[in-house]
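A.B. asks:
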Amino acid sequence: GIQNESFIATKVSQYSCQRKTTLNNYNKKFTDAFEVMAENYEFKENEIFCLEFLRASSLLKSLPFSVTRMKDIQGLPCVGDQVRDLIEEIIEEGESSKVKEVLNDERYKAFKQFTSVFGVGVKTSEKWYRMGLRTVEEVKADKTLKLSKMQKAGFLYYEDLVSCVSKAEADAVSLIVKNTVCSFLPDALVTITGGFRRGKNIGHDIDFLITNPGPREDDELLHKVTDLWKKQGLLLYCDIIESTFVKEQLPSRQVDAMDHFQKCFAILKLYQPRVDNSTCTMSKKLGMAEVKDWKAIRVDLVITPFEQYPYALLGWTGSRQFGRDLRRYAAHERKMILDNHGLYDRRKRIFLKAGSEEEIFAHLGLDYVEPWERNA
Ligand code: 8DG
Ligand code: MN
Ligand code: MN
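Under the UniProt record's numbering, residue 511 is the last one in the sequence shown; the count climbs by one each step, no gaps.
#1: On the premise that residue 315 lies in contact with residue 344, defined as a C-beta separation below 8 angstroms, what is that separation, rounded to the nearest angstrom?
#2: Run through the region 471-502 for me and flag every whole alpha helix (DSSP H) of 4 or more residues, listed as ranges in chain order.
#3: Should residue 476 be listed as close to ligand 1, given that the test is whether its C-beta is under 7 angstroms from any heavy atom?
#4: Taking 7 angstroms as the cut-off, is the beta-carbon of residue 458 closer than that to any non-hydrogen atom of ligand 1?
#5: From the DSSP output, in three-state form, read off residue 317 for me.
#6: In chain order, which continuous runs of the alpha helix (DSSP H) of length 4 or greater are located wholly inside the region 341-415?
#7: I'd like to confirm something about residue 429: is its beta-carbon nearer than 7 angstroms to some heavy atom of ligand 1, or not?
#8: Identify every residue that forms a DSSP beta bridge with residue 436.
#9: Mind listing which residues have their beta carbon within less than 5 angstroms of any non-hydrogen atom of ligand 3? Chain order is fine.
#10: Do residue 335 and ligand 1 come close, with the Cβ less than 7 angstroms from some heavy atom?
#11: Classify residue 464 as buried or exposed, calling it buried when 16 or more other Cβ atoms lie within 10 Å of its own Cβ.
#12: Are at least three pairs of beta-carbons, each pair with one atom in the region 252-269 and one in the region 199-217, less than 8 angstroms apart?
#13: What is the DSSP secondary structure of residue 262, counted as helix, strand or coil?
#14: First and last residue of the alpha helix (DSSP H) that includes residue 183?
#15: Could you give the first and the last residue of the continuous beta strand (DSSP E) run that contains residue 461?
#16: In whole angstroms, what separates the C-alpha of residue 461 from that of residue 510?
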């Protein structure tokens with residue numbers, strides 16, 4: 136109607152960093168379909184097609200209305216032939232046969248299961264699939280497989296880790312992280328990033344950024360924190376990656392590059408008092424197995440120097456697609472290189488300092504986008 140037409144008259148950017156994408160998605164029917172297609176291409180390591188569907192999904196998430204006719208997508212960027220065909224099929228049939236085919240595909244189903252295990256990516260999935268394995272149970276049962284420490288933890292806590300983290304659990308873990316960090320560094324700044332900072336109320340993990348205002352840095356902080364949790368019996372898994380940051384080195388131009396901060400991929404034991412404690416007493420009286428009163432939670436901790444904090448915050452807040460588009464925008468529209476450590480102006484040959492996320496958007500000549508509008 137009138138609303139859609141006046142919306143389309145204002146040009147939609149191909150970059151999600153020039154759009155507002157809240158969690159109100161009016162086009163879930165389409166974006167779910169695109170995400171299945173994107174994931175299938177990711178499993179096939181076809182990055183071009185994968186990105187094409189991710190960009191289309193992100194674009195439709197930003198529309199303030201539901202697409203119901205082909206006319207609604209007229210003039211929109213990020214809609215290639217593949218995407219257009221899929222939209223048309225869903226408008227006409229209510230669902231897509233192509234998507235159904237993928238969802239029923241043996242390879243897709245197996246990869247979907249394998250990659251749901253912490254520490255298992257496309258490469259490992261490929262190996263297991265070629266060995267004839269198809270389900271998580273089959274992998275678990277195969278005692279000849281050599282699993283990494285990460286994958287062993289992934290299988291050990293599988294049920295807890297596939298069940299999503301709630302906002303309440305994120306808040307509880309946040310208190311633990313803040314208390315522990317501040318017991319060693321009282322002035323430290325601990326910020327929740329990732330999906331929870333974007334306003335999501337569930338996540339697959341909880342992401343934290345830790346920095347110490349002022350020049351003082353403590354390379355041992357992460358070790359002190361995890362050692363204490365180990366002593367307290369709260370640390371189920373921990374992999375500390377030391378910083379590989381080199382000053383004066385140009386930021387990586389790769390769109391999906393990992394950053395160089397000291398960080399830790401951990402699994403924490405979160406105690407959850409049982410609501411129904413009669414079951415507990417009962418099972419103890421009857422000599423039954425102890426009722427499990429905790430949940431394994433995936434936690435990412437990232438330590439950043441204070442002057443790089445706004446860049447780290449912007450990168451770790453995501454979404455992944457929002458971050459990709461910020462970097463692509465910086466490179467193609469501004470001749471600048473952005474990463475989680477800084478912003479380099481290739482014309483002026485200088486690094487641009489920023490004290491806040493707002494200043495980074497300003498350096499890029501972009502209107503500020505709030506964290507909850509970055510759900511691209
Ligand atoms: P979720 O956990 O609720 O599923 O979503 P998320 O919070 O948006 O995803 P995430 O995988 O936890 O990653 C959070 C953001 O951090 C994401 O936008 C990408 C960004 N990020 C970096 N560096 C790295 C990295 O080295 N690993 C991961 N996993 N994410 C990174 O900037
Ligand atoms: Mn996360
Ligand atoms: Mn994470």
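Ideal Cβ positions, reconstructed from N, Cα and C, are used throughout, including at glycine. Owing to the predicted nature of the structure, the values given are computational and were not obtained by experimental measurement.
C.D. replies: Here's the rundown:
#1: The Cβ separation is near 15 angstroms, so there is no contact.
#2: Segments of the alpha helix (DSSP H) lying fully in the region 471-502: 492-498.
#3: no
#4: yes
#5: helix
#6: 356-366
#7: no
#8: 343, 399
#9: With 5 angstroms as the limit, the residues whose C-beta approaches any heavy atom of ligand 3 more closely are 340, 342, 435, in sequence along the chain.
#10: For residue 335, the shortest C-beta to heavy atom distance toward ligand 1 is below 7 angstroms.
#11: buried
#12: no
#13: helix
#14: 182-196
#15: Residue 461 -> not in any beta strand (DSSP E); alpha helix (DSSP H) instead, spanning 455-469.
#16: 13 angstroms
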